[in-house]
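In the numbering used here, the protein residues as written are 990 to 1124.
We treat Cβ as the ideally placed atom computed from N, Cα and C, and that holds for glycine.
Notes for the one structure printed next.
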């Protein structure tokens, strides 16, 4: 595990994949100069979000909004045999990065989307509106 609680080996595989993808996008740019190719580093956006969760106004990035019962994972919305829902949602999903341990919350997705749209994670580093109009 790394200092943020992420699986280090898996992150290294993702980083290597992204390095190869970025290199392939560069090759495609050279091979097709009249086309526009944009590489977007979504991994960095999500890892940054997890690394800086508290600074960005989120709770513990390893906790999730729905499916938490007495600090144990329970399938979101799961009912016991007597009909009691044990995997209920939190009161304020905007404070969580993960909705259910798998999917991002609307607030986390909005954070990532803003970085994509403004171009700060793109190569070339252009806002999306400009990248689409680049001649």
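Quiz item: In angstroms, rounded to a whole number, what distance separates the CA positions of residue 1100 and residue 1117?
Solution: Looking up residue 1100 in the chain shown gives position 111. Looking up residue 1117 in the chain shown gives position 128. Taking the straight line joining both Cα atoms gives about 15 Å.
Quiz item: Using a C-beta cutoff of 8 Å, does residue 1076 count as contacting chain B?
Solution: Given the protein chain composition of this structure (a single chain), no chain B is represented.
Practice problem: Give me whichever residues DSSP pairs with residue 1053 in a beta bridge. | Solution: Looking up residue 1053 in the chain shown gives position 64. BP columns for residue 1053 point to 1087.
Quiz item: Under 8 Å between the Cβ atoms of residue 1076 and residue 1054?
Solution: The count along the chain shown starts at 1 and reaches residue 1076 at position 87. The count along the chain shown starts at 1 and reaches residue 1054 at position 65. The answer is no: Cβ separation not under 8 Å.
Self-check item: Cβ pair count under 8 Å reaching 3, the segment 1024-1037 against the segment 1091-1111
Solution: yes
Quiz prompt | Reduced DSSP secondary structure (H/G/I, E/B, other) of residue 1040 | solution = Position 51 of the chain shown, counted from the first residue, corresponds to residue 1040. Helix, per DSSP.
Exercise. Look at the alpha carbon of residue 1105 and the alpha carbon of residue 1029, and state the distance between them as a whole number of angstroms.
Key: By one-based count along the chain shown, residue 1105 stands at place 116. By one-based count along the chain shown, residue 1029 stands at place 40. The straight-line gap from Cα to Cα measures roughly 7 Å.
Quiz item: Terminal residues of the continuous alpha helix (DSSP H) containing residue 1030?
Solution: Within the chain shown, numbered from 1, the residue matching residue 1030 stands at position 41. First-last for residue 1030: undefined, no H or E at that position.
Self-check item: Proximal residues to residue 1062 (C-beta, below 7 Å), its chain only, five neighbours per side dropped
Solution: To locate residue 1062, count along the chain shown from 1; it is residue 73. Correct list, in chain order: 1056, 1090.
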